[in-house]
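*Asks:*
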């Protein structure tokens, strides 16, 4: 999900290094002699956008948290809920970085060398999590379409423990990104995370900042997901014409949810592919980052609108916390306690009859 980056040449030099200067190495990514203040802070700050993106992130967290609890309850029922729960955990794990931390850095007008260690390790985790989420979303699309078109093929590929093998493979892919690929770094000049930390400051050879695997990944996501749904649509239409297919309402709604989530991922991947091959205006870059936030936060809205099971679970959770039954119960306990106190402690005007003490003589 980031702008163009680079391989640093040799295998041992393709990552930033932690040293006395912070994160850097080989003159590329090194902060020694880098003067951040050469560009005034007000030219690197995006205050309205930063405040808005942090507010949106908080709203997404509030909406997503009960959905995750519901997905946890139902994750063992079918592979769809297993994958949605896995994706949801990934979404919540990345939102604070691309939403809250991103907003704080944008308010400051920070560059990579402002907080090199923080931004470096955040970039590693963020890049790896994007690979996890987008890959799992592709797997979800394949899972749903396969189950609908060919249940016997779905049984072979995804049923039971097999889905966990697929998820393990995705996690291994993410570890490859974390340990062997260069991370994206925050750039306050453009309100974005990019592989080239010097954009806006120094003229460098952009070919040195190109990560081929990242481009391939985004191209695959942008092309394969729509292709899968087109293939599914054609196959389902063909079966309906021959009266061979029937999909329940529940499966249709599940498919619609998966389609919306996959469409958002495909759109974001497509735009970031454009960013790697051509220059875009700043409004497009800013819009793309808000789209990235929505990829990881908007699923909560989709669930609440289209998934009856999750919606009912969330309604019950809210009712248990803030509902009239809960409030009435608290009022009842309060009244009961007051009534109990009135029996233990006599009122001011009551006549108190004390027992006669025993005669000791």
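Numbering (our numbering), first residue to last: 564 to 924.
C-beta atoms are modelled at their ideal positions from N, C-alpha and C, and glycine is treated no differently.
1) To which residues of the same chain is residue 729 closer than 6 Å at the C-beta, ignoring the five residues directly before and after it?
2) To the nearest angstrom, how far is the alpha carbon of residue 816 from that of residue 663?
3) Would you call the stretch 622-640 and the stretch 675-689 in contact, with 3 or more CB pairs under 8 Å?
4) Within the continuous alpha helix (DSSP H) that includes residue 518, where are the two ends?
5) Does the Cβ-Cβ distance between residue 656 and residue 877 come in under 8 Å?
6) Hey, residue 757 and residue 747 are a contact pair by Cβ (cut 8 Å); roughly how many whole angstroms apart?
7) Just mark residue 717 as buried or exposed, buried being the case when its beta carbon has 16 or more other beta carbons within 10 Å.
8) Quick one: give me the first and last residue of the alpha helix (DSSP H) that residue 740 is part of.
9) Among 833, 814, 782, which residue has its Cα nearest to the Cα of residue 855?
10) Where does residue 933 fall in DSSP's three states?
11) Can you give me the Cβ contacts of residue 814 inside the same chain, cut-off strictly under 7 Å, excluding the 5 residues immediately before and after it?
12) Report yes or no: do the stretch 634-641 and the stretch 777-793 share at least 3 C-beta pairs separated by less than 8 Å?
13) Can you look up residue 783 in the DSSP assignment and give me helix, strand or coil?
14) Quick one: what's got a C-beta closer than 6 Å to residue 778's C-beta in the same chain, skipping five residues either side?
15) Indicate, with yes or no, if the ligand NAD has a heavy atom lying under 7 Å from the CB of residue 752.
16) When DSSP labels each residue in this structure, what does residue 757 get in the three-state scheme?
17) Excluding the five sequence neighbours on either side, which residues of its own chain have a C-beta within less than 8 Å of the C-beta of residue 695, listed in chain order?
18) Could you tell me how far apart the beta carbons of residue 859 and residue 658 are, in whole angstroms, since I believe they sit closer than 8 Å?
19) Just the C-alpha distance for residue 764 and residue 620, rounded to the nearest angstrom, thanks.
20) What's the call for residue 831, buried or exposed, on a 16-neighbour Cβ count within 10 Å?
21) Please name the residue, chosen from 651, 600, 669, that lies closest to residue 610 on a Cα-to-Cα basis.
22) The alpha helix (DSSP H) with residue 692 in it runs from where to where?
23) By a C-beta neighbour count over all protein chains shown, 10 Å radius and 16 as the cutoff for buried, is residue 804 buried or exposed?
*Replies:* Concretely, from the data shown:
1) 702
2) One C-alpha to the other measures close to 32 Å.
3) no
4) This structure does not reach residue 518, given that the chain is present from 564 up to 924, and the question cannot be answered.
5) no
6) Approximately 6 Å separates the beta-carbon atoms of residue 757 and residue 747; this is inside 8 Å, confirming the contact.
7) buried
8) 725-743
9) When each option's Cα is compared against that of residue 855, the closest is 833.
10) The structure shown has nothing for residue 933, since the chain only spans 564 to 924.
11) 711
12) no
13) helix
14) 839
15) Only the bare structure without any ligand can be found here, which leaves the ligand NAD out of the picture.
16) Three-state result, residue 757: strand.
17) 653, 733, 734, 736, 737
18) Right, the Cβ-Cβ distance comes to about 5 Å (below 8 Å), so this counts as a contact.
19) 30 Å
20) buried
21) From the listed residues 651, 600, 669, the smallest Cα separation to residue 610 is found for 669.
22) Judged by DSSP secondary structure, residue 692 falls within the alpha helix (DSSP H) whose first and last residues are 679-712.
23) Residue 804 comes out exposed.
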